[in-house]
Amino acid sequence: MPVKLNKKNETYFLVGLLATALFLIPQMAMAAAAWDEALKTIVDYVTGSTARYIAILAVVGFGFAAFVGRISWRRALEIVVAIAVVFGAAKIVDMFAGSGS
664 MPVKLNKKNE TYFLVGLLAT ALFLIPQMAM AAAAWDEALK TIVDYVTGST ARYIAILAVV
724 GFGFAAFVGR ISWRRALEIV VAIAVVFGAA KIVDMFAGSG S
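Each residue of the sequence shown is one higher than the last, beginning at 664 in the numbering used here.
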């Protein structure tokens, strides 16, 4: 009997599938620091320039929607804070780990 996934579980499944695919790439499997390279690839993908431009468009879109009353200002602020955490995660971790530059 096939299992029907809701959108949230489908997203988790696709992220897991992507992570698994990254670990199965032969160059990464043969590298001495395969885990580091795979995780760095994921971090670079999530915080890269394309993701940055998408985040900028999201902030503009949510700001405009809040301005015209389509969503609350609180929700727009939550989204901006979430984007700041995603792009500032490396500095936040370095600060707590004591290895910040």
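The beta carbon of each residue, even a glycine, is placed where N, CA and C say it ideally should be.
- Beyond the five residues adjoining it in sequence on each side, Trp736 comes within less than 6 Å, by CB distance, of Ala729 in the same chain, given in chain order.
- Under the 10 Å beta carbon count, Ile742 is surrounded by 16 or more other beta carbons and is classified as buried.
- Short of 7 Å from the beta carbon of Thr704, and not among the five residues preceding or following it, lie these beta carbons of its own chain, in chain order: Leu685.
- The alpha-carbon separation between Leu687 and Ala714 amounts to approximately 24 Å.
- Of the other Cβ atoms in all chains shown, fewer than 16 fall within 10 Å of the Cβ of Phe727; this residue is therefore exposed.
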